[in-house]
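This report concerns only the one structure given below.
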Amino acid sequence: MNIMPHRFEKKVEFFVKRFKAQCYLDYSSDYRDSIFLSGVPRSGTTWLSDVLNYKGQYRYIFEPYHPKEVHLCKNLNPRKYIRENSQDLEFFKIANKILSGNIRSYWSNRFNTKIISNKRLIKTVRANLHLKWIYNTFPGLPIIFLIRHPMASTVSKVKLGWKRSLSGYLNQPMLIEDFLYPFHDEMKCAEERYLASGDSFENHLFSWCIENYVPLKQFKVNDIHIVFYENCCVNPEDEVDRLFGYLKEDYDNGVLDSINSASKLSRKDSPIMTGNNLISSWKKYVADEQMLRGIEILRLFQLDKLYSHESMPFSKNIDLIMNDSNSNSKNGKNVSNNLPENP
Numbered sequence: 001m002n003i004m005p006h007r008f009e010k011k012v013e014f015f016v017k018r019f020k021a022q023c024y025l026d027y028s029s030d031y032r033d034s035i036f037l038s039g040v041p042r043s044g045t046t047w048l049s050d051v052l053n054y055k056g057q058y059r060y061i062f063e064p065y066h067p068k069e070v071h072l073c074k075n076l077n078p079r080k081y082i083r084e085n086s087q088d089l090e091f092f093k094i095a096n097k098i099l100s101g102n103i104r105s106y107w108s109n110r111f112n113t114k115i116i117s118n119k120r121l122i123k124t125v126r127a128n129l130h131l132k133w134i135y136n137t138f139p140g141l142p143i144i145f146l147i148r149h150p151m152a153s154t155v156s157k158v159k160l161g162w163k164r165s166l167s168g169y170l171n172q173p174m175l176i177e178d179f180l181y182p183f184h185d186e187m188k189c190a191e192e193r194y195l196a197s198g199d200s201f202e203n204h205l206f207s208w209c210i211e212n213y214v215p216l217k218q219f220k221v222n223d224i225h226i227v228f229y230e231n232c233c234v235n236p237e238d239e240v241d242r243l244f245g246y247l248k249e250d251y252d253n254g255v256l257d258s259i260n261s262a263s264k265l266s267r268k269d270s271p272i273m274t275g276n277n278l279i280s281s282w283k284k285y286v287a288d289e290q291m292l293r294g295i296e297i298l299r300l301f302q303l304d305k306l307y308s309h310e311s312m313p314f315s316k317n318i319d320l321i322m323n324d325s326n327s328n329s330k331n332g333k334n335v336s337n338n339l340p341e342n343p
């Protein structure tokens, strides 16, 4: 059997896909024509981006900060912390290109279906630790911050076999000084246990806490739009109304269909594919001792005010986290920002 034609067809198909991903016309370079969706991995950001773009009205830029997939970010630390008023000119150049749509990457454009556009939806799980810097440096940029139960996110990562070292956080002195010093010893112990056992469960929980704690402590309640994944599942009409109200965009009932649809990256065993409960299916994968340790870690960061062993968040407590005057952090160092002005 001659398999050469089949191989040739596969190669042609591959190059056609790559070519199509580069075929678009983005005729706005104003960063304010972008929507910036940020969260942690396995928190539902791809799903929420499908909800936001249910009409296909936005050019969709997927994970542009990926250092292994996007040449522009090849030297970028995916856990990079930037102080909110930092003069990081190199990172400014990267962020400005992404937010203005001046990025051509098969990886980031492969899910885009909008050929001609002047509006963009940028989705990333690698920006939480410099989200306040983005907010300060690019004023007027709509920012949506998605939060999901730490156990649900952690279970999903563990099932995928993802490993998580905390070295990317521990090796950033400014991050430790500004936010993580009170947790430094606990993090080091967790990292030692991970290196000895290879079990990432505890480290994934620490990572979730860090990636949510830092932006929540930096922002005021109304600075950005916060979405709880679980609230979207249980009260979709209310959450959609809040979401599109923030964006000052109209919507129709079609958006509710997108909420009940699987994302482009949903696994075959994900709850939305199997029909299991979207907000509580993680419970059957978490042992009692893991749950107890998880609550201990959340309590360290005061994030037990948001999540517990229950499936639903205490979302009304968000202002207690964001406006807590007894925060363990220094809330970042203020440094004069002399970066180039944006239009």
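Last residue of the sequence shown: 343 (my numbering), numbering continuous.
Glycine residues also receive a C-beta, built at the ideal position from the N, C-alpha and C atoms.
As the structure is a prediction and not an experimental result, all values here were calculated from the model.
Expressed to the nearest angstrom, what Euclidean distance is found between the alpha-carbon atoms of residue i and residue j?
{"i": "Lys80", "j": "Tyr213", "result": "15 Å"}
{"i": "Val240", "j": "Ile318", "result": "19 Å"}
{"i": "Lys283", "j": "Val155", "result": "9 Å"}
{"i": "Asn235", "j": "Trp107", "result": "33 Å"}
{"i": "Asn171", "j": "Asp238", "result": "41 Å"}
{"i": "Leu99", "j": "Gly161", "result": "32 Å"}
{"i": "Ser200", "j": "Leu303", "result": "20 Å"}
{"i": "Leu89", "j": "Cys233", "result": "40 Å"}
{"i": "Asn260", "j": "Gln87", "result": "43 Å"}
{"i": "Met322", "j": "Gln218", "result": "7 Å"}
{"i": "Asn253", "j": "Pro313", "result": "26 Å"}
{"i": "Pro215", "j": "Asn222", "result": "13 Å"}
{"i": "Ile279", "j": "Leu339", "result": "42 Å"}
{"i": "Phe91", "j": "Ile224", "result": "21 Å"}
{"i": "Phe183", "j": "Asp30", "result": "40 Å"}
{"i": "Ser336", "j": "Asp178", "result": "With a pLDDT of only 46 at Ser336, under 50, the local geometry of the prediction cannot be trusted, and the value read off the model is given with reservation. Straight-line Cα distance between these residues: approximately 17 Å."}
{"i": "Ser315", "j": "Ser43", "result": "16 Å"}
{"i": "Cys73", "j": "Glu84", "result": "20 Å"}
{"i": "Gly101", "j": "Lys132", "result": "20 Å"}
{"i": "Tyr246", "j": "Ala196", "result": "46 Å"}
{"i": "Leu292", "j": "Tyr285", "result": "14 Å"}
{"i": "Ile176", "j": "Asn77", "result": "16 Å"}
{"i": "Gly294", "j": "Tyr169", "result": "19 Å"}
{"i": "Asp250", "j": "Arg242", "result": "11 Å"}
So, residue i versus residue j, is the Cβ gap smaller than 8 Å?
{"i": "Phe111", "j": "Phe62", "result": "yes"}
{"i": "Leu166", "j": "Met151", "result": "no"}
{"i": "Pro41", "j": "Lys157", "result": "yes"}
{"i": "Tyr229", "j": "Leu146", "result": "yes"}
{"i": "Lys93", "j": "Tyr60", "result": "no"}
{"i": "Glu211", "j": "Asn128", "result": "yes"}
{"i": "Arg120", "j": "Tyr65", "result": "no"}
Could you check which residue in the options has the C-alpha nearest to that of residue i?
{"i": "Thr46", "options": "Asp288, Phe314, Arg148", "result": "Arg148"}
{"i": "Asp185", "options": "Asn277, Leu278, Ile259, Leu300", "result": "Leu300"}
{"i": "Lys123", "options": "Tyr285, Arg83, Tyr58, Lys316", "result": "Tyr58"}
{"i": "Lys68", "options": "Val221, Ser105, Gly44", "result": "Ser105"}
{"i": "Gly198", "options": "Ser207, Asp178, Arg164", "result": "Arg164"}
{"i": "Gly56", "options": "Asn118, Tyr285, Asn77, Arg32", "result": "Asn118"}
{"i": "Leu180", "options": "Glu202, Cys209, Leu195", "result": "Cys209"}
{"i": "Leu298", "options": "Ser258, Leu205, Ile82", "result": "Leu205"}
{"i": "Gln281", "options": "His309, Leu72, Leu256", "result": "Position check: residue 281 holds Ser in this sequence, whereas Gln was assumed. Of the candidates His309, Leu72, Leu256, the one whose C-alpha sits nearest the C-alpha of Ser281 is His309."}
{"i": "Ile103", "options": "Gly44, His71, Phe244, Leu320", "result": "His71"}
{"i": "Ser207", "options": "Ser153, Tyr246, Lys74, Leu195", "result": "Ser153"}
{"i": "Phe36", "options": "Asn231, Ile226, Met291", "result": "Ile226"}
{"i": "Tyr24", "options": "Asn109, Ser43, Pro64, Pro78", "result": "Asn109"}
Would residue i be called buried (16 or more neighbouring beta carbons within 10 Å of its own) or exposed?
{"i": "Ser38", "result": "buried"}
{"i": "Asp50", "result": "buried"}
{"i": "His130", "result": "buried"}
{"i": "Asp257", "result": "exposed"}
{"i": "Asp288", "result": "exposed"}
{"i": "Glu296", "result": "exposed"}
{"i": "Asn53", "result": "buried"}
{"i": "Tyr27", "result": "exposed"}
{"i": "Asp33", "result": "buried"}
{"i": "Pro173", "result": "exposed"}
{"i": "Ile134", "result": "buried"}
{"i": "Leu320", "result": "exposed"}
{"i": "Ile116", "result": "exposed"}
{"i": "Asn75", "result": "exposed"}
{"i": "Asn277", "result": "exposed"}
Three or more C-beta pairs closer than 8 Å, one from the segment 142-155 and one from the segment 186-197: is that the case here? No: fewer than three Cβ pairs fall under 8 Å.
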